[in-house]
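Numbering (my numbering), first residue to last: 355 to 670. Glycine included, every Cβ here is placed at the ideal spot set by N, Cα and C. It should be emphasised that the depicted structure is a prediction, and the values quoted were computed from it without experimental measurement.
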Ligand SMILES: [Zn+2]
């Protein structure tokens with residue numbers, strides 16, 4: 355299974371393909387699922403290319419969609435300008451030519467069962483789906499739109515969360531799902547679910563790059579073992595790089611086994627002479643850090659070992 359995609363800028367190739375090729379895995383026959391957790395650039399870059407190589411894979415997307423994704427997927431949107439929607443459009447187009455077809459992730463749905471592992475999606479839940487239908491129905495003007503409430507989701511609110519049970523334990527992949535006020539949505543819906551797979555995970559891909567709005571006591575107390583291995587991917591393109599120092603401290607209070615795939619605060623580590631700094635800011639107006647090298651964290655379930663590559667490392 356390949357979950358989400360990003361590009362190795364130096365090699366111009368999706369990172370997952372690069373990695374599996376290195377291991378000698380035949381992507382065309384061995385990959386059974388390609389999952390797009392949600393439609394944000396940092397999760398979808400190159401996913402169409404991944405799909406085009408994974409000839410036997412089914413493509414998994416959240417059953418609950420936003421208006422934009424619905425109209426793009428169904429092909430009646432104007433030429434999408436947003437990069438993730440362009441990936442969606444061509445991925446969807448590609449899947450129409452395949453026998454395997456699409457697969458829709460929703461709460462507590464088994465996506466794959468093999469002798470080695472079972473993969474279950476834990477989200478989006480029923481309430482997110484209900485609201486998604488309401489949001490989409492606004493595209494149909496005849497339905498008496500004045501009676502319906504205005505609903506609009508962010509992609510993170512509809513993110514797919516995955517639960518993987520394997521011979522030696524379980525893994526929780528948190529996507530970018532956030533915490534919500536309504537207990538029927540977001541992480542609360544998963545935590546409160548009585549139908550989700552039993553047991554606790556020993557490994558957690560921390561939701562939404564470790565940000566506070568995606569963290570909930572219930573994740574640590576109900577879904578995870580004590581002192582799980584926590585893996586965080588940094589996000590540097592926002593106004594505030596994630597995970598922040600506070601985010602890292604908050605996660606460290608839960609487990610000392612925290613790993614980060616690359617340095618989150620790359621931009622801040624650059625120190626320039628104050629005159630140079632002033633001139634650069636005067637000329638450029640706004641500065642943004644480049645992405646830097648890709649790091650990797652590898653967890654092996656049989657041996658329960660964690661290895662890091664490139665700038666990835668245990669924190670602190
Ligand atoms: Zn993200």
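- Annotated as distal: residue 380 and residue 369, with beta-carbon spacing of 8 Å or more.
- For residue 524, the secondary structure class from DSSP, reduced to helix, strand or coil, is strand.
- Beta-bridge partners assigned by DSSP to residue 558: 526, 584.
- Residue 517 holds the alpha-carbon nearest to the alpha-carbon of residue 577 among 517, 356, 447, 453.
- Taking a cut-off of 8 Å for Cβ pairs, the stretch 462 to 471 and the stretch 428 to 442 do not touch, as fewer than three such pairs fall below it.
- When the beta-carbon positions are compared, residue 437 and residue 395 come within less than 8 Å of each other.
- For residue 589, the shortest separation between its Cβ and any heavy atom of ligand 1 lies below 7 Å.
- Using a Cβ distance threshold of 8 Å, residue 561 and residue 592 do not count as a contacting pair.
- Every unbroken stretch of the alpha helix (DSSP H) spanning 4 or more residues and falling wholly within the stretch 603 to 640 is given here in chain order: 628 to 638.
- In the displayed model, residue 430 falls within coil according to three-state DSSP, outside both helix and strand.
- With contacts defined as CB atoms closer than 8 Å, residue 448 and residue 405 qualify as a contacting pair.
- Chain-ordered, the residues whose CB falls short of 5 Å from any heavy atom of ligand 1 come out as 396, 530.
- In the structure shown, residue 369 falls within a helical segment according to DSSP collapsed to helix, strand and coil.
- Excluding residues up to 5 positions away in sequence, 613 lie with their Cβ nearer than 6 Å to the Cβ of residue 668 in the same chain.
- According to the DSSP assignment, residue 661 belongs to the beta strand (DSSP E) that extends over 659 to 663.
- Scanning its chain for C-beta atoms nearer than 8 Å, with the 5 sequence neighbours on each side dropped, one finds around residue 626 the residues 634, in chain order.
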